[in-house]
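For the record, the sequence lines run as chains C and B. 62 is the number that the working numbering gives to position 13 of the first sequence; each next residue is one higher, with no gaps. 185 is the number that the working numbering gives to position 159 of the second sequence; each next residue is one higher, with no gaps. Even glycine gets a Cβ: it sits at the ideal position worked out from N, Cα and C.
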Amino acid sequence: MIRRNLPFAAVAVIVLVVAPLLLEPFRLSLLAKYLCYAIVALGIGLAWGQAGMLTLGQGVFFGLGGYSMAMHLKLTEGGGLPDFMVWSGVEELPALWVPFGDPVLALATAVLGPMLIAAVLGTLVFRQRVRGAYFAILTQALAAAMVILLVGQQGLTGGTNGMTNFFDVFGQDLADDSTQRGLYLVVASVLGVLYLATRQLVNSRYGRLLVAIRDGEDRVRFLGYDPALVKTVTFALSAGMAGLAGALFVPVVGIISPALLGVVPSLELVVAVAVGGRHALAGAVLGAVVMGYAQTAFSEQFADGWLYLQGALFILVMTLAPKGIIGVAERWRRARTT
Amino acid sequence: MSAFANQLPIGLSIGAVLLLIALGLTFTFGQMGVINMAHGEFIMAGAYTAFLLGDLVPALPAAFLVAGTMGLILERAAIRHFYGRPLDTLLLTWGVSLVLQQLARDLFGAPNVQVPAPAWLSGGVGILPYNRLFIMGLAVAGVVAVWAYLTRTRLGRRTQAVVQNRRLAATSGIDTGRVDMLTFFVGSGLAGVAGVALTLIGPVGPALGTYYIVDAFLVVVAGGLGQLRGAVLAAAGLGLLNSYAEFWSDASLAKVIVLAAVIAFLQVRPQGMFVLRSRALT
Chain C
50 MIRRNLPFAA
60 VAVIVLVVAP
70 LLLEPFRLSL
80 LAKYLCYAIV
90 ALGIGLAWGQ
100 AGMLTLGQGV
110 FFGLGGYSMA
120 MHLKLTEGGG
130 LPDFMVWSGV
140 EELPALWVPF
150 GDPVLALATA
160 VLGPMLIAAV
170 LGTLVFRQRV
180 RGAYFAILTQ
190 ALAAAMVILL
200 VGQQGLTGGT
210 NGMTNFFDVF
220 GQDLADDSTQ
230 RGLYLVVASV
240 LGVLYLATRQ
250 LVNSRYGRLL
260 VAIRDGEDRV
270 RFLGYDPALV
280 KTVTFALSAG
290 MAGLAGALFV
300 PVVGIISPAL
310 LGVVPSLELV
320 VAVAVGGRHA
330 LAGAVLGAVV
340 MGYAQTAFSE
350 QFADGWLYLQ
360 GALFILVMTL
370 APKGIIGVAE
380 RWRRARTT
Chain B
27 MSAFANQLPI
37 GLSIGAVLLL
47 IALGLTFTFG
57 QMGVINMAHG
67 EFIMAGAYTA
77 FLLGDLVPAL
87 PAAFLVAGTM
97 GLILERAAIR
107 HFYGRPLDTL
117 LLTWGVSLVL
127 QQLARDLFGA
137 PNVQVPAPAW
147 LSGGVGILPY
157 NRLFIMGLAV
167 AGVVAVWAYL
177 TRTRLGRRTQ
187 AVVQNRRLAA
197 TSGIDTGRVD
207 MLTFFVGSGL
217 AGVAGVALTL
227 IGPVGPALGT
237 YYIVDAFLVV
247 VAGGLGQLRG
257 AVLAAAGLGL
267 LNSYAEFWSD
277 ASLAKVIVLA
287 AVIAFLQVRP
297 QGMFVLRSRA
307 LT
């Protein structure tokens with residue numbers, strides 16, 4: 050028990066104690082951003098790595114969470130209508146916005162909204178035994194449609210620019226370093242708790258069932274289980290994680306816009322999971338942090354090179370190391386011990 | 027009423043473009059189980075070919091060759107090593123698509139370019155502008171050519187055999203690798219032709235393919251894998267639905283309506299309009 054949890058405890062100490070002491074505030078809030086992505090990646094690792102559902106629309110759920118939180122932050126700032134509404138000539142607060150003034154309702158929508166949408170979509174799709182590539186395409190179309198919807202509803206969502214200029218979150222000043230450190234600790238703790246819970250889930254009988262569905266759905270059905278239900282629940286869980294990540298992302302980064310949740314960002318997160326190692330939850334988290342860091346480091350130096358590098362890295366990982374970093378590490382370890 | 031009628035050629039020409047794009051997808055998808063995310067960049071390559079040549083008529087065969095060759099290289103170099111791993115191919119080809127888009131940005135610049143439309147395509151008959159008619163004609167020609175190829179030539183009949191049952195076809199002595207290669211060449215080439223058609227209705231940019239690829243995939247899903255009839259009906263249906271949904275609601279809701287319609291349709295026919303009957307389980 051202790052031995053098994055040792056790596057997790059070591060990482061937890063580094064992330065929660067060492068990193069806040071060593072990193073300057075700017076870097077720390079970047080790390081918080083990567084950890085938000087890692088929460089989404091954890092959900093993808095669960096849905097894709099374990100249950101074999103390639104979801105290319107996690108950005109939609111991330112965005113729903115993000116917009117819920119952003120709407121709440123805009124409403125609690127005071128001073129009447131949110132700034133972008135004034136610019137686009139909206140005179141009265143739209144009815145859709147009213148519930149988001151309440152923090153509990155806003156947070157609940159951020160998590161339960163995505164879960165509900167995923168549950169409805171999952172029920173409709175999985176009941177009809179639509180799966181594999183079909184499912185991937187439908188989720189991708191969802192991401193594409195969501196972006197067009199958000200851009201089109203300028204007065205309701207801020208259009209292409211989305212929402213930005215947040216000043217405080219739950220009464221704390223966002224420009225303050227201590228608030229940023231606090232947010233970082235919240236994000237890291239949420240990720241840690243979700244990781245442990247998901248790992249517990251994967252190691253349970255339910256987790257065995259997920260892998261069985263991934264590797265032979267029809268056989269599982271013949272054994273008397275209902276794969277559609279199991280898949281729908283799993284998809285909803287991963288959507289909920291993405292929603293929560295979006296809600297955390299907004300105060301950390303200070304912006305939410307359609308560009309952050311369309312087809313490309315959704316795929317990028319799947320890529321990150323593949324790079325880290327899709328079959329292990331730790332691989333998903335690792336991949337998100339590594340790819341997030343690589344993107345920042347690379348874009349700082351050569352802006353255009355990043356797309357080439359990302360594409361090339363991707364082709365290489367898929368051809369040479371389909372199990373990602375974790376897979377390579379395991380191969381090394383096995384080669385050393387035998 | 028006239029505004030309503032005006033949507034008809036717009037919807038049909040969008041459907042025609044979708045059809046040209048989806049023909050390649052439906053056969054590579056149905057035959058090899060390959061989801062080619064880089065297919066959109068073959069559209070873009072076709073459009074830039076037209077831009078370089080500056081003339082529509084020679085651009086059509088040239089774009090077919092350019093895009094087809096790119097598809098052939100992709101199939102030989104990468105995709106054939108991934109048969110049986112459809113989801114991995116999807117991610118692999120997405121990497122290729124990223125590289126190709128950036129390449130186009132470096133070669134032709136990030137801003138959109140415009141291809142001048144030939145003078146003989148200006149004007150129109152009644153509510154039908156000539157350029158939209160030309161695109162529809164192109165799609166009809168494409169479908170007839172593919173149909174003739176599939177049913178009237180030896181190679182085409184072999185292609186159908188591979189779509190229906192790859193292993194049985196291989197056992198009967200068909201060189202499935204060669205058939206795959208050819209399918210990929212023709213399918214990618216048609217995407218190139220679709221790219222040329224798109225220069226008639228809008229500007230060309232490095233991200234051109236990404237606007238159409240998602241819809242083209244929906245055509246494949248709604249039409250059924252590897253089904254010519256399905257692709258034709260689904261492309262026309264989605265093209266019309268797209269333009270009328272934009273007309274009735276506002277543009278931002280159209281995509282949501284189209285997606286909802288496809289999901290609703292899958293409730294009735296989960297495997298698309300036309301399905302290959304087989305006893306295989308998966």
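In the structure shown, what three-state DSSP assignment does residue i receive?
i	result
residue 155(B)	strand
residue 150(B)	strand
residue 140(B)	coil
residue 247(B)	helix
residue 118(C)	helix
residue 195(C)	helix
residue 327(C)	coil
residue 183(C)	helix
residue 379(C)	helix
residue 351(C)	coil
residue 61(B)	coil
residue 109(B)	coil
residue 317(C)	helix
residue 300(B)	coil
residue 214(B)	helix
residue 207(B)	helix
residue 81(B)	coil
residue 242(B)	helix
residue 140(C)	coil
residue 90(C)	helix
residue 184(B)	helix
residue 151(C)	coil
Taking Cβ positions, are residue i and residue j nearer each other than 8 angstroms?
i	j	result
residue 137(B)	residue 60(B)	no
residue 98(C)	residue 322(C)	yes
residue 239(C)	residue 293(C)	yes
residue 45(B)	residue 169(B)	yes
residue 91(C)	residue 330(C)	yes
residue 81(C)	residue 223(C)	no
residue 257(B)	residue 245(B)	yes
residue 74(C)	residue 189(C)	no
residue 130(B)	residue 232(B)	yes
residue 356(C)	residue 128(B)	yes
residue 115(B)	residue 64(B)	no
residue 111(C)	residue 310(C)	yes
residue 156(C)	residue 235(C)	no
residue 51(B)	residue 243(B)	yes
residue 341(C)	residue 374(C)	no
residue 113(C)	residue 146(C)	no
residue 274(C)	residue 258(C)	yes
residue 153(B)	residue 31(B)	yes
residue 157(B)	residue 167(B)	no
Can you tell me the Cβ-Cβ gap for residue i and residue j, rounded? I've got them flagged as a contact below 8 angstroms.
i	j	result
residue 391(C)	residue 339(C)	Summary: the structure shown does not reach residue 391(C), with chain C confined to residues 50 through 387, and so no result is reported for it.
residue 225(B)	residue 141(B)	4 angstroms
residue 98(B)	residue 210(B)	6 angstroms
residue 218(B)	residue 93(B)	3 angstroms
residue 76(B)	residue 222(B)	5 angstroms
residue 298(B)	residue 263(B)	Rounded, the Cβ-Cβ distance is 12 angstroms, inconsistent with contact.
residue 252(B)	residue 57(B)	6 angstroms
residue 337(C)	residue 87(C)	4 angstroms
residue 123(B)	residue 66(B)	6 angstroms
What are the partner residues of residue i, as DSSP defines its beta bridges?
i	result
residue 256(C)	Partner(s): none; residue 256(C) has no beta bridge.
residue 45(C)	Any answer about residue 45(C) is impossible in this case: the structure gives chain C only from 50 up to 387.
residue 222(C)	217(C)
residue 230(B)	139(B)
Counting only Cβ pairs nearer than 7 angstroms, list the residues of chain E close to residue i.
i	result
residue 65(B)	Structure shown: chain E not included; protein chains present are C and B.
How do the region 280 to 299 of chain B and the region 190 to 202 of chain C stand: do at least 3 beta-carbon pairs fall below 8 angstroms, yes or no?
-> yes
Can at least three beta-carbon pairs, one atom from the region 264 to 271 of chain B and one from the region 335 to 350 of chain C, be found at a separation below 8 angstroms?
-> no
Taking three-plus beta-carbon pairs below 8 angstroms as touching, is the region 83 to 100 of chain B in contact with the region 66 to 75 of chain B?
-> yes
State whether the region 203 to 215 of chain C contacts the region 289 to 307 of chain C, with contact taken as three or more CB pairs (one from each stretch) at a distance under 8 angstroms.
-> yes
Would the region 175 to 186 of chain C and the region 117 to 133 of chain C be scored as touching if the rule is three or more Cβ pairs under 8 angstroms?
-> No: the two stretches stay apart, fewer than three of their Cβ pairs being nearer than 8 angstroms.
Is it true that the region 185 to 205 of chain B meets the region 34 to 50 of chain B, where meeting means three or more beta-carbon pairs spaced less than 8 angstroms apart?
-> no
Can you find at least 3 beta carbon pairs, one from the region 255 to 267 of chain C and one from the region 99 to 108 of chain C, that sit closer than 8 angstroms?
-> yes
Sufficient close CB pairs (3 or more, under 8 angstroms) joining the region 166 to 173 of chain C to the region 281 to 289 of chain C = yes
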